[in-house]
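Enquirer:
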Amino acid sequence: MKNLYLTALLSITFFTNVFSQIPTLNGKIVYHTYSGYENWDGEIFILDLSDNSVTNISSGWNIDHEINAMFSPDGNKIVFMGDIKGDGQRNWDIFLWTIGGGQPVNLTPYGGRDEDPKFSPDGTKIVYKSDNDILIMDLQGNLLSNVTNTPNIEESMPYYTVDGSKILFAPGAGSESDIYSINVNGTNRQPVVSQSNYQEYYPITRDNESFFYTGWVNSFNLNDQVFLKYDTSSTSVYLPFNTTNANYSDATPAGLQYAILSSTKNGGKGGYDLYIADINTGDIWSLDDYNNNVNNAYENLGANYLPSGTLSLNKSKKRQIKVSLYPNPILQERALNIQIQDSQIQYINFIQVINMQGQILKSILLENESHVKIEMNYPKGIYFVKINQGDITHVEKIIIN
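Per the numbering used here, the sequence shown starts with residue 5, numbered consecutively.
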C-alpha cells in the first residue's frame, strides 16, 4: 500500500518558494562533520541560534571521531559516541560531557562496540546499542537493563518515545532493516514500519503520536528519503521536501512545523549538507542561512535541536519573576497551580505549556491574576511552563508522572 501512496506522491515535483524566509528559531543545534565514516575524523559543533555562532566543542578532547550527539533535556549535558584517542582500536564508546566542562566521561570503557546513545525524556538514563543489542544505563555508566537479547540480529538506532515507556529501534540491515517498538522492560516487541526488500531505519521521535524515519525511494532507487509515521495510521507520510535524485536523512523535529535534516541535494557544499525544512509546504533552507560556516566540503550529519526554553532559564539581572509551581512532579490529569507574587502581576503577559519538541500546547493570557490553575491532560514526561513578564522570560520544568 505504501508503494502506491509513494508512487502517487513522486509524480509531483515540489519547488521551493524562493521568496520564503528561513524560519526564526531559538535554541541550539548540535551536529557532527567528517570526511568519511571510516576516516575517523568526526568532530562535533554547536550552532547557537541566539547569535548564530558556530563552535567546535570537541576541539581539545582526548577522543577520536566524535559523532551522533544529543542534548540532555535540561540542556546541561551532551551524550555522543567516539573512541579513546590514540588507543589504535577504533572501537566505539559512549561519552557524556557537561557543557562548558572539561574532558567528557567515558561511560562504557569495558570493550565492545557501544553506539547510538540517546537520553531518556527525563534525562536520567541513556539507551544505546552495545554490539547487536539495545541496553539502558544511568548517567554514571551503570547498566540498568538489557532491552533486547538477540545477538544474531543487529539492532540499531534506539530512540525513546515521548513518555519514556517505549523505545523505537531498527533491527536488521540494508533491505532487511525495519522499525520496531518495544517496551523499556523488553516486552511487547512489535514492527511499526516494515516492508520487504526495503530499508527503513533511523527513527526519531517527533511528538507523542508520530516519528520521523529514513527509507529508500523503493527497492530499485536506494536514495534515502524522510517519512513521517503516525501511530494511528498504517501508512507513512512522504514529506514534500524530498527529491528522488538525492538523499535525505537524520530528520530531527524543530517544533511540529519543521525538521532539521541532512541532504545531498543540489546546491550544497559537500556530500551531506544540513537543512531546515517545512514538513507541510516542502520549503527547505540551508543552515548556512543562519551561519555560512555550518556546512563545508565534509559530510554534515546527525543534528539534534534543543529549544531555548531548556537552556539558560533566566539570564536577566534587571529583575526576577517570583513564581511558585505546585505540585511538581504532578500526576496526569491533575491541576498545576501557578502562584505569582502580587508585586509582579503588572508585568505578566501570558503563560505557555511547552513539550520537549518545542510545541506550544497551551497559551493563557493573564489579566492581573496572581494564581492560575492549569489542567495537565498530557502524557507522562517532561514539560516546560514559560512565563512572560514584560521583556523577561522565566521557564520552569514540570514532570508529569
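All C-beta atoms, glycine included, are put in the ideal place defined by N, C-alpha and C.
Computed from a predicted structure; not experimentally measured.
Contact between the segment 155-164 and the segment 127-142 is defined here as three or more beta-carbon pairs at a separation below 8 Å; is this criterion met?
Expert: yes
Enquirer: Between the C-alpha atoms of G115 and R94, what's the straight-line distance to the nearest angstrom?
Expert: 11 Å
Enquirer: Exposed or buried, which one is D55 when buried takes at least 16 other CB atoms within 10 Å?
Expert: exposed
Enquirer: Applying the criterion that 16 or more other CB atoms from any shown protein chain within 10 Å of the CB defines a buried residue, is T256 buried or exposed?
Expert: buried
Enquirer: Report the residue from F354, S266 and G259 whose alpha carbon sits nearest the alpha carbon of P311.
Expert: G259
Enquirer: Cα separation between P383 and M360?
Expert: Linking P383 to M360 through their CA atoms gives a straight-line distance of about 12 Å.
Enquirer: Sorted by chain position, which residues of the same chain lie with C-beta nearer than 6 Å to T59's C-beta, five sequence neighbours on each side aside?
Expert: I50
Enquirer: Around the C-beta of T247, are 16 or more other C-beta atoms found within 10 angstroms, so that it is buried, or is it exposed?
Expert: buried
Enquirer: From N146 to F231, what distance separates their C-alpha atoms?
Expert: 35 Å
Enquirer: So, L365 versus I358, is the Cβ gap smaller than 8 Å?
Expert: yes
Enquirer: Report whether the distance from the Cβ of P311 to the nearest heavy atom of the ligand MN is below 7 Å.
Expert: As presented, the structure is devoid of all ligands, the ligand MN included, so that no description of it is given.
Enquirer: Express the C-alpha separation of I378 and N299 in angstroms, rounding to a whole number.
Expert: Approximately 43 Å between the Cα atoms of the pair.
Enquirer: Applying the 10 Å Cβ sphere with the 16-neighbour rule, what's the burial state of F224?
Expert: exposed
Enquirer: Does the segment 302-309 touch the segment 334-341, meaning 3 or more C-beta pairs lie closer than 8 Å?
Expert: No contact exists between the segment 334-341 and the segment 302-309.
Enquirer: Nearest-angstrom Cα distance between S238 and G275?
Expert: 33 Å
Enquirer: For R193, which option in G176, W289, N212 and V151 has the closest C-alpha, if you only look at C-alpha atoms?
Expert: V151
Enquirer: P217 by DSSP, collapsed to three states: which one?
Expert: Checking the sequence, you will find Tyr at residue 217 rather than Pro. DSSP places Y217 in strand when its eight states are reduced to three.
Enquirer: Where does the unbroken beta strand (DSSP E) through S328 begin, and where does it stop?
Expert: V327 to Y330
Enquirer: Relative to the C-alpha of Q199, which residue among P175, N405 and G272 is closest?
Expert: P175
Enquirer: Expressed to the nearest angstrom, what Euclidean distance is found between the alpha-carbon atoms of R117 and Q363?
Expert: 35 Å
Enquirer: Reducing DSSP to helix, strand and coil, say where N43 ends up.
Expert: The three-state secondary structure of N43, taken from DSSP, is helix.
Enquirer: Distance, Cα to Cα, K401 vs K269?
Expert: Their Cα atoms are separated by approximately 39 Å.
Enquirer: Evaluate G271 with the Cβ neighbour count: other Cβ atoms within 10 Å of its Cβ, from every protein chain shown; 16 or more gives buried, anything less gives exposed.
Expert: exposed
Enquirer: Going by beta-carbon coordinates alone, are D137 and T154 separated by less than 8 Å?
Expert: yes
Enquirer: What is the DSSP secondary structure of D142, reduced to helix, strand or coil?
Expert: strand
Enquirer: List, from N- to C-terminal side, the beta strand (DSSP E) runs of 3 residues or more that fit wholly inside the segment 115-164.
Expert: 118-123, 129-134, 137-142, 147-150 and 159-164
Enquirer: Can you tell me where the beta strand (DSSP E) holding E180 begins and where it ends?
Expert: From DSSP, E180 is part of no beta strand (DSSP E); its letter is neither H nor E.
Enquirer: Alpha carbon to alpha carbon, how far is E180 from I186? Give it in angstroms, no decimals.
Expert: So the alpha carbons of these two residues sit roughly 18 Å apart.
Enquirer: Using the Cβ count rule (16 or more neighbours within 10 Å means buried), how would you classify Y184?
Expert: buried
Enquirer: Tell me the rounded alpha-carbon separation between D182 and N189.
Expert: 20 Å
Enquirer: Between T209, H375 and A307, which has its C-alpha nearest A339's C-alpha?
Expert: Taking A339 as reference, the option from T209, H375 and A307 with the minimal CA-CA separation is H375.
Enquirer: Within the same chain, show all residues whose beta-carbon is closer than 7 Å to that of L100, passing over the 5 residues directly before and after it, in chain order.
Expert: Excluding residues within five positions, the ones whose Cβ falls inside 7 Å are K81, V83, P108, V109, L111 and L143.
Enquirer: Closest to K32 by C-alpha separation, out of M141, V196, Y205 and A307, would be which residue?
Expert: A307
Enquirer: Do you know how far the Cα of G104 is from the Cα of N249?
Expert: 41 Å
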